[in-house]
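Residue numbers (the numbering used here): 309 to 406.
Here is the structure we will look at, set down as structure tokens.
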């Protein structure tokens with residue numbers, strides 16, 4: 309059975325839409341991490357109790373920022389590789405088989 313005309317283009321558009329949405333959400337998380345992290349760096353509590361929560365929050369923001377950067381980096385184009393397996397899409401003859 310022959311693939312439908314435009315099948316590859318439609319699947320590509322469909323998958324790229326979700327990649328773009330994920331990138332936009334990740335950029336928003338990274339922006340929030342940088343904003344809140346900048347505020348936390350400028351305001352350090354004096355007593356020990358709040359300092360523990362302060363540094364824990366800063367550590368979690370740093371971890372979140374690293375994960376966001378990793379997610380954005382995986383989405384950058386690389387020659388010969390892609391996070392989406394186009395070979396699997398191409399191997400399917402119809403939309404229903406995919």
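Every residue gets a Cβ at the ideal spot worked out from N, C-alpha and C, and that includes glycine.
Quantities reported herein were computed from a predicted structural model and do not represent experimental measurements.
Can you confirm whether the region 341-360 touches the region 316-333 when touching is taken to mean that 3 or more C-beta pairs between the two stretches lie within less than 8 angstroms? no
Let me know if residue 399 comes out buried or exposed under the rule of 16 or more other beta-carbons within 10 Å of its beta-carbon. exposed
Residue 402 in three-state terms, based on DSSP: coil
For the alpha helix (DSSP H) that contains residue 358, what are its first and last residues? 356-382
How far does the alpha helix (DSSP H) with residue 345 in it extend, from its first residue to its last? 315-350
Are there 16 or more other CB atoms within 10 angstroms of the CB of residue 371, so buried, or fewer, so exposed? Answer is exposed; the Cβ neighbour count stays below 16.
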